[in-house]
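Peer 1: Residue numbers (my numbering): 329 to 774. Built from N, CA and C at the ideal position, the CB exists for glycine as well. Can you read through this structure? Questions will come right after.
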């Protein structure tokens with residue numbers, strides 16, 4: 329999304345400041361295994377939790393039952409706002425953990441970078457029992473919580489499997505059967521029929537890259553089990569999977585199926601006017617579309633995303649968030665007990681889902697009837713079941729690394745060159761990958 333770069337620039341600025349001040353990249357000299365030089369394993373007393381907006385409100389809903397079941401621990405959940413929370417966490421880690429809350433809510437686009445640059449800044453939760461939950465969460469998330477020390481430093485909270493939201497009425501009017509759309513090749517072939525029958529283009533992108541609108545490009549790579557970096561941190565921006573992703577985007581544009589959503593609020597306006605037929609979005613969009621476009625109730629449906637390449641996979645985890653404990657917390661055991669309580673109990677995780685729309689990563693949560701319930705906005709379709717089935721199919725872990733913002737900028741520039749200047753996807757991505765390798769010192773994958 330458009331805020332990624334501005335958020336992650338903070339990480340680079342903070343680490344640069346830390347280096348200038350003579351601070352070690354490991355976050356101020358914490359003890360071994362993330363123990364934290366100023367931390368302690370207190371198991372009672374007050375603890376503070378940092379989160380943002382609806383997620384913070386959802387966490388507050390857990391506090392009464394947690395405090396009832398854990399007498400002696402008092403929890404203060406603070407909504408720092410997004411992106412302000414990233415500034416505070418990054419600066420806190422860069423200064424050796426000073427001023428950090430006990431429990432931190434962190435996104436997947438930040439957690440790998442924090443573990444790389446501040447390997448002792450987040451507590452080792454393995455020694456508190458976190459390892460036993462590896463199989464409790466959906467496939468593809470656990471590698472993200474592991475540091476180079478092979479210890480667990482967080483538990484998954486939110487997971488966002490990818491789906492394709494589409495205008496059922498448009499497809500019906502055009503005579504297009506969603507079940508026939510197994511790949512983006514199929515959807516590109518059907519696009520002219522949909523446009524001719526409804527006047528709608530398939531989807532929208534910010535073509536000049538004014539907002540670094542790269543989610544769709546990333547999703548197409550993730551459907552192929554790829555990203556900007558592989559699991560070893562090598563650069564894969566010039567990989568065949570990346571070229572295929574950008575080629576799909578070029579083909580959509582060449583066919584006149586891609587609307588330009590440059591300019592604040594353009595995408596929302598086009599959807600409101602009925603000018604876009606699909607929205608390749610993850611699970612969080614279930615509530616978003618219903619809330620933002622109530623007049624379109626009954627017109628939308630959800631399907632598994634088309635494969636990026638014929639015969640390819642149709643499941644991908646777009647993003648995720650985690651709860652972790654600061655290594656410098658004075659009450660690490662108490663903080664861990666709150667994380668464990670909130671994220672491993674189906675009743676608590678589903679209470680948070682109901683209040684904040686945070687799709688849970690805990691597999692045991694999916695036995696709740698809400699995941700098979702019909703949704704009126706989607707014509708009675710049990711849309712949540714579609715996302716659970718996608719997660720059951722499995723997905724690869726995405727390695728954002730600490731250099732995600734650099735990759736995002738170069739990929740955005742490459743996409744804009746293709747959409748604005750007609751550049752060749754393979755050529756611009758090859759150049760972008762070489763530049764990313766030079767900037768980061770990372771090797772390119774074969």
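Which residues mark the beginning and the end of the alpha helix (DSSP H) in which residue 522 is found?
Peer 2: 512-526
Peer 1: With a threshold of 8 angstroms, are at least 3 pairs of Cβ atoms found where one atom belongs to the segment 703-713 and the other to the segment 405-420?
Peer 2: no
Peer 1: Can you name, in chain order, every residue of its own chain whose Cβ lies under 6 angstroms from the Cβ of residue 731, other than the five neighbours on each side?
Peer 2: A distance below 6 angstroms between beta-carbons, with the five flanking residues on each side excluded, links residue 731 to the following residues of its chain, in chain order: 768.
Peer 1: Quick one, which of 521, 632, 614 and 723 has its alpha-carbon nearest residue 698's?
Peer 2: 614 is the residue among 521, 632, 614 and 723 whose C-alpha sits nearest the C-alpha of residue 698.
Peer 1: Note the first and the last residue of the continuous beta strand (DSSP E) segment covering residue 488.
Peer 2: 483-489
Peer 1: Once you ignore the five residues that flank residue 748 on each side, which residues in its own chain have a CB closer than 8 angstroms to its CB?
Peer 2: 535 and 536
Peer 1: Residue 508: buried (16+ other C-beta within 10 angstroms of its C-beta) or exposed?
Peer 2: exposed
Peer 1: Can you tell me the Cα-Cα spacing of residue 517 and residue 461, whole angstroms?
Peer 2: 44 angstroms
Peer 1: Tell me which residue opens and which closes the alpha helix (DSSP H) that residue 498 is part of.
Peer 2: 496-502
Peer 1: Considering only residues of the same chain and omitting the five flanking positions on each side of residue 471, which have a CB-CB separation below 6 angstroms?
Peer 2: 725
Peer 1: Under 9 angstroms between the Cβ atoms of residue 757 and residue 739?
Peer 2: yes
Peer 1: Using the Cα positions of residue 643 and residue 442, report the straight-line distance between them to the nearest angstrom.
Peer 2: 27 angstroms
Peer 1: To which residues of the same chain is residue 630 closer than 6 angstroms at the C-beta, ignoring the five residues directly before and after it?
Peer 2: Answer for residue 630: 491, 493, 711 and 714, listed in chain order.
Peer 1: Here's a check: name, in chain order, each residue in its chain whose Cβ is nearer than 6 angstroms to the Cβ of residue 467, leaving out the five neighbours to either side.
Peer 2: Result list for residue 467: 722, in chain order.
Peer 1: Residues in the same chain with beta-carbon distance under 6 angstroms from residue 663, minus the five sequence neighbours each way, listed in chain order, please.
Peer 2: 375, 430, 431, 653 and 657
Peer 1: Using the three-state DSSP reduction, which class does residue 746 fall into: helix, strand or coil?
Peer 2: helix
Peer 1: What does DSSP give as the partner residue(s) for residue 607 in the beta ladder?
Peer 2: 493
Peer 1: Going by the DSSP bridge assignment, what does residue 647 pair with across the sheet?
Peer 2: 488
Peer 1: For the pair the segment 675-685 and the segment 442-458, tell me if three or more CB-CB distances fall below 8 angstroms.
Peer 2: no
Peer 1: Please list the terminal residues of the continuous alpha helix (DSSP H) segment that includes residue 587.
Peer 2: Here residue 587 belongs to no alpha helix (DSSP H); instead the beta strand (DSSP E) covers 586-588.
Peer 1: Quick one: does residue 644 have its CB under 9 angstroms from some CB of chain B?
Peer 2: Within the model displayed, chain B is absent; a lone protein chain is all it includes.
Peer 1: Can you list, in chain order, the stretches of the alpha helix (DSSP H) that have 4 or more residues and sit fully within the segment 715-739?
Peer 2: none
Peer 1: Under a three-way DSSP split, which group does residue 635 fall into?
Peer 2: Reduced to three states, the DSSP call for residue 635 is strand.
Peer 1: Please state whether the Cβ-Cβ distance between residue 641 and residue 531 is less than 9 angstroms.
Peer 2: no
Peer 1: Specify the secondary structure class of residue 688 as computed by DSSP and reduced to three states.
Peer 2: The answer is strand: DSSP assigns residue 688 an E or B state.
Peer 1: Does residue 362 come out as helix, strand or coil in the three-state DSSP assignment?
Peer 2: Its pLDDT being 40, under 50, residue 362 is placed unreliably by the model, and the measurement read from it follows with that caveat. Helix, per DSSP.
Peer 1: Under a Cβ-count criterion, where at least 16 other Cβ atoms within 10 Å of its own Cβ denotes burial, should residue 368 be classed as buried or exposed?
Peer 2: exposed
Peer 1: Taking all protein chains shown into account, do 16 or more other C-beta atoms lie within 10 angstroms of the C-beta of residue 774, making it buried, or fewer, making it exposed?
Peer 2: exposed
Peer 1: Count the other CB atoms within 10 Å of the CB of residue 760; is the residue buried (16 or more) or exposed (fewer)?
Peer 2: Under this definition residue 760 is a buried residue.
Peer 1: Three Cβ pairs or more, each shorter than 8 angstroms: is that satisfied between the segment 520-528 and the segment 589-607?
Peer 2: yes
Peer 1: Pull up the DSSP beta-bridge partners for residue 474, would you.
Peer 2: 480
Peer 1: Span of the beta strand (DSSP E) holding residue 550?
Peer 2: Where residue 550 is concerned, there is no enclosing beta strand (DSSP E), although the alpha helix (DSSP H) it sits in stretches over 543-550.
Peer 1: Start and end of the beta strand (DSSP E) containing residue 378?
Peer 2: 373-379
Peer 1: Decide if residue 592 is buried, meaning its Cβ has at least 16 other Cβ atoms within 10 Å, or exposed.
Peer 2: exposed
Peer 1: Count the other C-beta atoms from every protein chain shown that fall within 10 angstroms of the C-beta of residue 560, then say buried if there are 16 or more, exposed otherwise.
Peer 2: exposed
Peer 1: For residue 735 and residue 764, I'd like the C-alpha separation in whole angstroms.
Peer 2: 6 angstroms
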